[in-house]
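Peer 1: With the first letter of the sequence shown counted as 1, position 7 gets the number 12 in the numbering used here; the numbers rise by one all the way through.
Heads up, the beta-carbon is just placed ideally off N, CA and C, and yes, glycines get one too.
Model, not experiment: these values are computed from the prediction.
Before we start, here is the structure in question, set down as structure tokens.
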Amino acid sequence: MLWWFAAASAEPFYDAVEHRVVVHGSDTQLRSLATRELRSHHLPLVLRTRAGAEERVRPSSRRVGPLVSGLIVTLLRGEEGAEIDVVIDARDDGGYDLATVRWEPDRVVLEQGATHAQMITEGPDVAELRERYGIGVLVGVGRDWDPLARGVLRDAMERLTPAERAVLADLPFHRTAAPSARLAERLDEGTPSAVYAFDGAGERIEVYDVAVDPSSSFRGSPWAPVHPSVAVVLHELGHALAHVPDSAMNRIIAADDADVTRIHELEALERPTPAERDEHEQLVHTVLARRAAAEGHLATLKEGAPLVRAWLEATGGETPTRYGETSPEEGFAEAFALHRCDPEALARAAPRSYAWFEQTDLAALTLSAAP
């Protein structure tokens, strides 16, 4: 995974693209190349430990993993400010050897470590997931909720606050192989791990097969890695949080439609009973009151999701990824996901967004805008 800052941007810029190390050679050759690249940029190499201690080292040092030299070369031949989080090796015991190499203004920082557990572990059963996190139904659409998919969902829900989980209570999740043809038309190239859908079929988050695929990258640190699919599910949960007022409005509209249908049924009666006349009067009063109360909310929602607008006003739309530049909604969701997976990275790349997420009660803010 390659993260970079655009040198031409006035603000730090953070982005993610699939990245493969293209530098080849023997261990000795790679170490020599890394040394030359560091010298040409006048940058020292700093090894940072899990405890936070830092020490200057040379690429020739045996404390630097052999493949890391290739990462350093790739980093310094790319864009200034890049950060590479990559799986160096997947071991037979299910663990991963991981490394992060980061280009800071006056140095290159290396973090390398191993985790002896999989980045995704098997999640609890469906009933426990629903009870623990208050989520809605878990629907299988051609796919069962296999243990690893449940693990991705658990890891994402764990990174929400209890208040956020309460706001999203009963949000359904669908497990399917890939997006439907109709939904795929609205997506960018490729299939994401998950998608938030809010259409005629209702509100839901769909989780696809690629969510449980092995990954060549990670989020977070080499000592506390987060599978990229967890970040994608969090991105979609960010959309769901932002759309809480829309969901509430949809429920109001559905109730209004049902009441209006009943009003028409009562008006079609030739000889309504006193009880039916009372019901008609009460329903008309309810519908008018509901519409009056909803009028202001509709006007607000037409301006965009209040949660997204609040983030936009506070941060100037400081998005941590290039994809986030496509719209304020995507910028918000990208910042939200990175804040929950790797807050230190968000603080480096988008400090105003980091501060806003640290200080803002998202659940309270989005509920305050709901009718």
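Pick helix, strand or coil for leucine 317, following the three-state DSSP scheme.
Peer 2: Looking up residue 317 in the sequence shown gives position 312. It is helical.
Peer 1: On the three-pair Cβ rule with 8 Å, is the stretch 217-226 touching the stretch 310-320?
Peer 2: Touching, no.
Peer 1: Can you tell me which of the three DSSP states alanine 229 falls into?
Peer 2: Position 224 of the sequence shown, counted from the first residue, corresponds to residue 229. Three-state DSSP puts alanine 229 in a strand.
Peer 1: Could you please give the first and the last residue of the uninterrupted beta strand (DSSP E) stretch that includes glutamate 208?
Peer 2: Locating residue 208 in the sequence shown gives position 203, counting from the first residue. 207-212 is the span of the beta strand (DSSP E), which, as asked, contains glutamate 208.
Peer 1: Do proline 333 and glycine 322 have their C-beta atoms within less than 8 Å of each other?
Peer 2: As a working mapping, residue 333 is identified with position 328 in the sequence shown. As a working mapping, residue 322 is identified with position 317 in the sequence shown. Against a cut-off of 8 Å, the Cβ pair of glycine 322 and proline 333 comes out as a contact.
Peer 1: Can you grab the Cα-Cα spacing for the pair leucine 306 / threonine 120, in whole Å?
Peer 2: Start at 1 with the first residue of the sequence shown, and residue 306 comes out as number 301. Start at 1 with the first residue of the sequence shown, and residue 120 comes out as number 115. Confidence at leucine 306 is low in this model, with a pLDDT of 48, below 50, so the placement of that residue is unreliable and no value is reported for it.
Peer 1: Excluding the 5 residues flanking glycine 225 on each side, which residues of the same chain have their C-beta closer than 7 Å to its C-beta?
Peer 2: Locating residue 225 in the sequence shown gives position 220, counting from the first residue. Excluding sequence neighbours, glycine 225 sits near Val231, Cys346, Asp347.
Peer 1: Would you kindly report the start and end of the unbroken beta strand (DSSP E) that includes glutamate 349?
Peer 2: The residue given as residue 349 occupies position 344 in the sequence shown. From DSSP, glutamate 349 is part of no beta strand (DSSP E) but of the alpha helix (DSSP H) over 348-354.
Peer 1: What do you reckon, are the CB atoms on aspartate 366 and alanine 168 nearer than 8 Å?
Peer 2: Here residue 366 is taken as the residue at index 361 of the sequence shown, counted from 1. Here residue 168 is taken as the residue at index 163 of the sequence shown, counted from 1. Yes, these two residues count as a Cβ contact at 8 Å.
Peer 1: To the nearest angstrom, how far is the alpha carbon of leucine 372 from that of arginine 63?
Peer 2: Translated into the one-based positions of the sequence shown, residue 372 becomes position 367. Translated into the one-based positions of the sequence shown, residue 63 becomes position 58. For leucine 372 and arginine 63, the distance between alpha carbons rounds to 53 Å.
Peer 1: Give me the Cα-Cα distance between aspartate 151 and serine 358, rounded to the nearest whole angstrom.
Peer 2: Numbered from its first residue, the sequence shown carries residue 151 at position 146. Numbered from its first residue, the sequence shown carries residue 358 at position 353. When rounded, the distance between both Cα atoms is 35 Å.
Peer 1: Just the C-alpha distance for alanine 11 and aspartate 130, rounded to the nearest angstrom, thanks.
Peer 2: By 1-based counting over the sequence shown, the position of residue 11 is 6. By 1-based counting over the sequence shown, the position of residue 130 is 125. Note that alanine 11 has pLDDT 24, beneath the 50 cutoff, so the model's placement of it is unreliable and the number below is only indicative. Their Cα atoms are separated by approximately 43 Å.
Peer 1: Rounded to whole angstroms, what is the Cα-Cα separation between valine 26 and threonine 79?
Peer 2: As a first step, residue 26 is located in the sequence shown; it is residue number 21 there, counting from the start. As a first step, residue 79 is located in the sequence shown; it is residue number 74 there, counting from the start. Low confidence applies to valine 26: its pLDDT is 46, below 50, so where it sits in the model is not reliable, and the reading given next is rough at best. Going by the C-alpha atoms only, they are around 6 Å apart.
Peer 1: Taking the alpha-carbon of proline 71 as reference, which of Arg82, Val212, Leu143, Leu115 has the nearest alpha-carbon?
Peer 2: Within the sequence shown, numbered from 1, the residue matching residue 71 stands at position 66. The residue with the shortest Cα to Cα distance from proline 71 is Leu115.
Peer 1: Closest to alanine 338 by CA distance: which of Val200, Leu293, Glu241, Ala352 is it?
Peer 2: Translated into positions along the sequence shown, residue 338 becomes position 333. The candidate whose alpha carbon is nearest that of alanine 338 is Glu241.
Peer 1: Determine the direct distance from the alpha carbon of threonine 33 to that of alanine 368, and round the result to whole angstroms.
Peer 2: Here residue 368 refers to the residue found at position 363 of the sequence shown. Here residue 33 refers to the residue found at position 28 of the sequence shown. So the two alpha carbons sit approximately 53 Å from each other.
Peer 1: Quick one: measure Cβ to Cβ for valine 238 and alanine 182, integer angstroms, because I've assumed they're closer than 8 Å.
Peer 2: Here residue 238 is taken as the residue at index 233 of the sequence shown, counted from 1. Here residue 182 is taken as the residue at index 177 of the sequence shown, counted from 1. Actually they are not in contact, since the Cβ atoms of valine 238 and alanine 182 sit about 17 Å apart, beyond 8 Å.
Peer 1: In terms of DSSP beta bridges, what is leucine 50 paired with?
Peer 2: As a position in the sequence shown, residue 50 is number 45, starting the count at 1. Paired residue(s): Val62, Val113.
Peer 1: If contacts are defined as beta-carbon pairs under 8 Å, then glutamate 88 and threonine 105 qualify, I think. What distance do you get, rounded to the angstrom?
Peer 2: Taking the sequence shown and counting its residues from 1, the one referred to as residue 88 is at position 83. Taking the sequence shown and counting its residues from 1, the one referred to as residue 105 is at position 100. About 7 Å; that satisfies the 8 Å criterion.
Peer 1: Taking the C-alpha atoms as reference points, what is the distance between valine 157 and glutamate 208?
Peer 2: Here residue 157 corresponds to residue number 152 of the sequence shown, with the count starting at 1. Here residue 208 corresponds to residue number 203 of the sequence shown, with the count starting at 1. The straight-line gap from Cα to Cα measures roughly 20 Å.
Peer 1: Determine, using beta carbons only, whether leucine 35 and glycine 86 come nearer to each other than 8 Å.
Peer 2: Position 30 of the sequence shown, counting from 1, holds the residue named residue 35. Position 81 of the sequence shown, counting from 1, holds the residue named residue 86. Result no, Cβ atoms of leucine 35 and glycine 86 do not sit closer than 8 Å.
Peer 1: Helix, strand or coil for arginine 282? Go by DSSP, reduced to three states.
Peer 2: Taking the first residue of the sequence shown as 1, we reach residue 282 at position 277. Helix.
Peer 1: With 16 as the cutoff for other CB atoms within 10 Å, does glycine 57 come out buried or exposed?
Peer 2: On the sequence shown, position 52 is the one that residue 57 refers to. So glycine 57 ends up on the exposed side.
Peer 1: Going by DSSP in three states, isoleucine 89 sits in which element: helix, strand or coil?
Peer 2: In the sequence shown, counting from the first residue as 1, residue 89 sits at position 84. If DSSP states are grouped into helix, strand and coil, isoleucine 89 belongs with the strands.
Peer 1: Evaluate serine 31 with the Cβ neighbour count: other Cβ atoms within 10 Å of its Cβ, from every protein chain shown; 16 or more gives buried, anything less gives exposed.
Peer 2: Locating residue 31 in the sequence shown gives position 26, counting from the first residue. Exposed.
Peer 1: State the Cα-Cα distance for the pair aspartate 149 and histidine 248, rounded to the nearest angstrom.
Peer 2: What you label residue 149 is simply residue 144 of the sequence shown in a count that begins at 1. What you label residue 248 is simply residue 243 of the sequence shown in a count that begins at 1. Taking the straight line from one Cα to the other gives about 27 Å.
Peer 1: CB-CB under 8 Å to threonine 40, same chain, minus the five flanking residues each way: which ones, in chain order?
Peer 2: Counted from its first residue, the sequence shown places residue 40 at position 35. Closer than 8 Å at Cβ, skipping near neighbours: Arg63, Pro64, Ser65.
Peer 1: Count the other CB atoms within 10 Å of the CB of arginine 187; is the residue buried (16 or more) or exposed (fewer)?
Peer 2: Here residue 187 refers to the residue found at position 182 when the sequence shown is read from its first residue. Its Cβ having fewer than 16 others within 10 Å, arginine 187 is exposed.
Peer 1: Let me know the secondary structure DSSP gives threonine 105 once reduced to three states.
Peer 2: Against the sequence shown, residue 105 aligns to sequence position 100. It is a strand residue.
Peer 1: Starting from tyrosine 201, follow its DSSP beta bridges and name the residues at the other end.
Peer 2: Here residue 201 is taken as the residue at index 196 of the sequence shown, counted from 1. Ile210.
Peer 1: Among Ala273, Val113, Phe341, Val91, which one has its Cα closest to the Cα of histidine 47?
Peer 2: Along the sequence shown, one-based indexing puts residue 47 at 42. Among Ala273, Val113, Phe341, Val91, the Cα nearest to that of histidine 47 is on Val113.
Peer 1: Reducing DSSP to helix, strand and coil, say where leucine 306 ends up.
Peer 2: The count along the sequence shown starts at 1 and reaches residue 306 at position 301. Because the pLDDT at leucine 306 is just 48, under 50, the model does not fix this residue reliably, and the value given afterwards should be weighed accordingly. Three-state result, leucine 306: helix.
Peer 1: Let me know the secondary structure DSSP gives valine 26 once reduced to three states.
Peer 2: As a working note, residue 26 is residue 21 in the sequence shown. With a pLDDT of only 46 at valine 26, under the threshold of 50, the placement of this residue in the model should not be trusted, and no figure is reported.
Peer 1: Do alanine 202 and glutamate 190 have their beta-carbon atoms positioned less than 8 Å apart in this structure?
Peer 2: Within the sequence shown, numbered from 1, the residue matching residue 190 stands at position 185. Within the sequence shown, numbered from 1, the residue matching residue 202 stands at position 197. No; because the gap between Cβ atoms is not below 8 Å, this pair is not in contact.
Peer 1: Provide the residue span of the alpha helix (DSSP H) that contains leucine 153, from first to last.
Peer 2: Here residue 153 refers to the residue found at position 148 when the sequence shown is read from its first residue. From DSSP, the alpha helix (DSSP H) with leucine 153 extends over 152-163.
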